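From first to last, the protein sequence lines are chains A and B.
Heads up: the first sequence at position 250 corresponds to 250 in the numbering used here, and the numbers run straight through without jumps.
Heads up: the second sequence at position 183 corresponds to 183 in the numbering used here, and the numbers run straight through without jumps.
Cβ atoms here follow ideal geometry from the backbone N, Cα and C, with glycine treated the same way.
All of these numbers come straight from a predicted model, not from anything done at the bench.
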Amino acid sequence: MNFLAVIGRVVIGFLRAAGKIGLFAVNGVRHIFAPPYYPRELWRQMLNIGYYSLPVVGLTTLFTGAALAVNIYEGSSRFNAESTLPTIVVIGIVRELGPTLCGLIVAGRVSASMAAELGTMRVTEQIDALVTLSTDPFKYLIAPRILATVLMMPFMLVIVADTIGVLGGYLLATAKLGFNSGNYIKSTVDFLEAIDVMASLTKAAVFGFFISLMGCYHGFNTRGGAQGVGISTTNAVVSACIMILLSNYVVTEMFFSS
Amino acid sequence: MNNAVPKIELKGLHKRFGDKVVLDSVDLTVMPGESMVIIGGSGSGKSVTLKCILGLLEPNRGSIKIDGTEMVGISTDERKKILTKFGMLFQGGALFDSLPVWENVAFGLLAQNLCDRKEAKEIAIEKLRRVGLSPDVGSLSPAELSGGMQKRVGLARAIAANPDIIFFDEPTTGLDPIMSDVINELIVECVKDVGATALTITHDMSSVRKIADNVAMIYHGNMIWTGPKDQIDQSGSDYIDQFINGKAEGPIKMEILKG
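Structure below.
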């Protein structure tokens, strides 16, 4: 009996949380389209989310591309299929590793930063101050963050992640594994299809939405003091990572399930 | 007899969090131009009363009227319109640390599109000067300011749009006695300058004696006494006598021990 009650409580708690996040998301997206707009705040967020994430995203994908090339070379040489390396690297990076790694890194950096910033604003009454200054916190704080992340993830970060990831594989293959530069580039370009790029950018936009949603939701609903901010930050990163991995599967199925 | 419409009128205000009743039935009337100070111990319901008036918390029942207009249950747009009449000094300043000081002061002006950025900056600098801060403070970040300076910037922000009603939440908390007096003086001057009605919550009696025209004491979620500042020492209430004299012995202490 108690066991059933525990299951019931967990299910109701989960549904309640999902409902709250859903309503928060609808409210946040609604405010993106309704005036007044805050272009300065949007620009500040785009700079912070896009530009300042570039170094860490670039470094991570560069080394991942190189490591992927080594692994594929070692694996494919067992059945004399080394020539498939450029194709597998480009498809692996563009379809999967570029957006997913980029999403996870940005979740760690941006989702945490949003939750900590909004959480601190909540506990220091800055969000209350916004309300008393006739400013809707959803318009001023949430909408620009969601929009900035959804724009920056595909159109800056994942494009760069995909390019540098492929470049990492190319550099290693040509410098260490003896691949011809021209042939490598030709194989890469020949086998990369538009749908691969579309899938990559779609994933990036979806990941961007969940990264900002989780960061904003947990930060905005922070309770308590420093400990509350810490809890919100952790919850934001963990939930954003889970949503990225889950939505990655869903989008992959949507594009490539035959 | 004064027939003016009260600036703020609370009737039977009740607020509970779960089973805990914070405001039982609060009645309060603040007339135009009056400086009302609500006193009371920690946890007596002062801040919750203020947050209900500001619309940050929704009361469970009761009425809040601003200039005769009911605030409880109104739409967000209507509330936003009424909020433009308000200025608020938060206990910790609540300055936006992502913005420089002048933008903090001018935030309400820019948010309500009352002027362009250039004019807003000029007004902000003027308001900073009004609270005793030099124009170069305007370009600093709030994190670079001392506690007293942050309070002054908060005050400048509260008066920037010349509000009808200014709220002060524990304006002298965390300040040394001299800076507390400076802030109290500034509050009196600024409220007079803009011709506003003021509602302050505090447990600092030196603030009360400096700022107030009238005083109300809240205890266990009810207003137990309201009257002019100069009658507070002869209120005849043991609760008020104990509070204003800061004595450990008295009915408030006894209530705490009973709890």
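For residue i, does the three-state DSSP call read helix, strand or coil?
| i | result |
| --- | --- |
| R223 of chain A | coil |
| D27 of chain B | strand |
| H14 of chain B | strand |
| N245 of chain B | helix |
| K51 of chain B | helix |
| V285 of chain B | Residue 285 of chain B is absent from the model: chain B starts at 1 and stops at 259. |
| G103 of chain A | helix |
| M1 of chain B | Because M1 of chain B sits at a pLDDT of 47, beneath the cut-off of 50, its placement in the model cannot be relied upon, and the point is left open. |
| K192 of chain B | helix |
| D176 of chain B | coil |
| G43 of chain B | coil |
| A160 of chain B | coil |
| D67 of chain B | coil |
| E9 of chain B | strand |
| V131 of chain B | coil |
| D169 of chain B | strand |
Answer yes or no: does any C-beta atom of chain B fall closer than 9 Å to that of residue i?
| i | result |
| --- | --- |
| E96 of chain A | no |
| Q227 of chain A | no |
| T64 of chain A | no |
| T222 of chain A | no |
| M121 of chain A | yes |
| G100 of chain A | With the sequence shown as reference, residue 100 of chain A is identified as Thr, and Gly is not the correct amino acid for it. Not one chain B Cβ lies under 9 Å of T100 of chain A. |
| L109 of chain A | The displayed chain sequence assigns Arg, not Leu, to residue 109 of chain A. Closer than 9 Å: no. |
| R16 of chain A | no |
| I12 of chain A | no |
| R30 of chain A | no |
| T233 of chain A | no |
Name the residue from the options whose alpha carbon lies nearest to the alpha carbon of residue i.
| i | options | result |
| --- | --- | --- |
| A158 of chain B | A:L141, A:I146, A:G169, A:T132 | A:T132 |
| F192 of chain A | A:L85, A:V94, A:M121 | Here the sequence assigns Leu to residue 192 of chain A, which means Phe is not the residue at that position. Among A:L85, A:V94, A:M121, the Cα nearest to that of L192 of chain A is on A:V94. |
| K192 of chain B | B:P32, B:D19, B:E9 | B:P32 |
| T135 of chain A | A:E96, A:L101, A:I88, A:Y38 | A:Y38 |
| V311 of chain B | B:T197, B:D204, B:G148 | The displayed coordinates of chain B run from 1 to 259. Any statement about residue 311 of chain B would go beyond what the structure contains. |
| S146 of chain B | B:D204, B:V101, B:N113 | B:V101 |
| I232 of chain B | B:M71, B:S206, B:G108 | B:S206 |
| R209 of chain B | B:G195, B:N222, B:G227 | B:G227 |
| L54 of chain B | B:S44, B:E34, B:K81 | B:K81 |
| S200 of chain A | A:I211, A:G103, A:Q126, A:V110 | A:G103 |
| F155 of chain A | A:A34, A:I49, A:S76 | A:I49 |
| I185 of chain A | A:D196, A:I146, A:G169, A:A194 | A:G169 |
For residue i, would you say it is in contact with chain A, using Cβ-to-Cβ distances shorter than 9 Å as the test?
| i | result |
| --- | --- |
| L128 of chain B | no |
| S98 of chain B | yes |
| R157 of chain B | yes |
| G259 of chain B | Here the model assigns G259 of chain B a pLDDT of 42, short of 50, so the residue's position is not dependable, and the following value carries that caveat. So no, G259 of chain B is outside the interface. |
| A143 of chain B | no |
| M1 of chain B | Only weak support exists for where M1 of chain B lies, its pLDDT of 47 falling under 50; the coordinates are left without a value. |
| L175 of chain B | no |
| F167 of chain B | yes |
| L10 of chain B | no |
| A124 of chain B | no |
| L140 of chain B | no |
| L186 of chain B | no |
### Task
Give the residues from the segment 128-154 of chain A that approach chain B closer than 9 Å (Cβ to any Cβ), ordered along the chain.
D128, A129, L130, V131, T132, L133, S134, T135, D136, Y140
### Task
Would you list, in chain order, the members of the segment 76-92 of chain B that have their beta-carbon closer than 7 Å to a beta-carbon of chain A?
K80, L83, T84, F86, M88, F90, G92
### Query
Name the residues in the segment 41-71 of chain B whose C-beta lies less than 9 Å from a C-beta of chain A; which are they?
K51, L54, G55, L56
#### Entry: Sequence ranges, beta strand (DSSP E) only - wholly within the segment 70-126 of chain B, length at least 3
86-89
### Task
Please name the residues in the segment 106-121 of chain B whose beta-carbon is closer than 9 Å to at least one beta-carbon of chain A, in chain order.
F107, G108, A111, Q112, N113
### Residues from the segment 228-252 of chain B in contact with chain A, defined by Cβ distance under 7 Å
none
### Uninterrupted beta strand (DSSP E) stretches inside the segment 207-242 of chain B (no shorter than 3 residues)
214-219, 222-228
### Query
Along the chain, which unbroken stretches of the alpha helix (DSSP H) at least 4 residues long are found entirely within the segment 33-108 of chain A?
39-49, 54-76, 85-91, 98-106
### Message
Beta carbons nearer than 9 Å to chain A: which residues of the segment 190-219 of chain B have them?
### Response
none
### Query
What are the complete alpha helix (DSSP H) segments, minimum 4 residues, inside the segment 185-226 of chain A?
194-220
### Under 7 Å (Cβ pairs) to chain B, residues found in the segment 33-53 of chain A
none
### Task
Starting from the N-terminal side, write out each stretch of the alpha helix (DSSP H) that is 4 residues or longer and does not extend beyond the segment 131-187 of chain A.
143-152, 159-175
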